[in-house]
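Reviewing the structure listed below.
Residue numbers (my numbering): 182 to 319.
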């Protein structure tokens, strides 16, 4: 046997490897996207639990929930962080709070997904834990 003899890869072998990689990617990418979405939902739920706890402290100090009653939404994480003394970082979700009475509030965290028409939303109120929905908040 000659030590300088090389065996070349055939076209069939190369095609089989490419097909195997394609099958692995076909199953792997959707699973990865699902894991990423669940992680983001968990992050938003945890942030909303922080907001819920901060709302209780705000109620004790001010005799009403943030924002003041009137149904005017207070969008933006900066308003929520400043008024509730939080330091939530909203790197992928948008947060807002509304209050329709001194003792009622609702805060949401939404994340627009590609395509632009799809989104999911997590919502917390004064009497419930955060719940996530596919699409706009009810």
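Every residue gets a Cβ at the ideal spot worked out from N, C-alpha and C, and that includes glycine.
{"Asked": "Residues sharing a beta bridge with residue 315, DSSP", "Found": "301"}
{"Asked": "Between the CA atoms of residue 223 and residue 287 - distance to the nearest angstrom", "Found": "18 Å"}
{"Asked": "Identity of the residues DSSP links to residue 285 by a beta bridge", "Found": "282"}
{"Asked": "Distance between residue 194 and residue 269 (C-alpha atoms, nearest Å)", "Found": "52 Å"}
{"Asked": "Whole-angstrom distance between residue 235 and residue 283, CA atom to CA atom", "Found": "15 Å"}
{"Asked": "Enclosing alpha helix (DSSP H) for residue 194 [first to last residue]", "Found": "192–243"}
{"Asked": "C-alpha distance - residue 188 paired with residue 303, whole-angstrom precision", "Found": "58 Å"}
{"Asked": "Distance, residue 246 Cα to residue 280 Cα", "Found": "7 Å"}
{"Asked": "Sheet register partners of residue 290 (DSSP bridge)", "Found": "276, 303"}
{"Asked": "Inter-residue Cα distance where the pair is residue 220 and residue 315", "Found": "15 Å"}
{"Asked": "Residues near residue 271 in its chain [Cβ-Cβ closer than 7 Å; skip 5 each side]", "Found": "258"}
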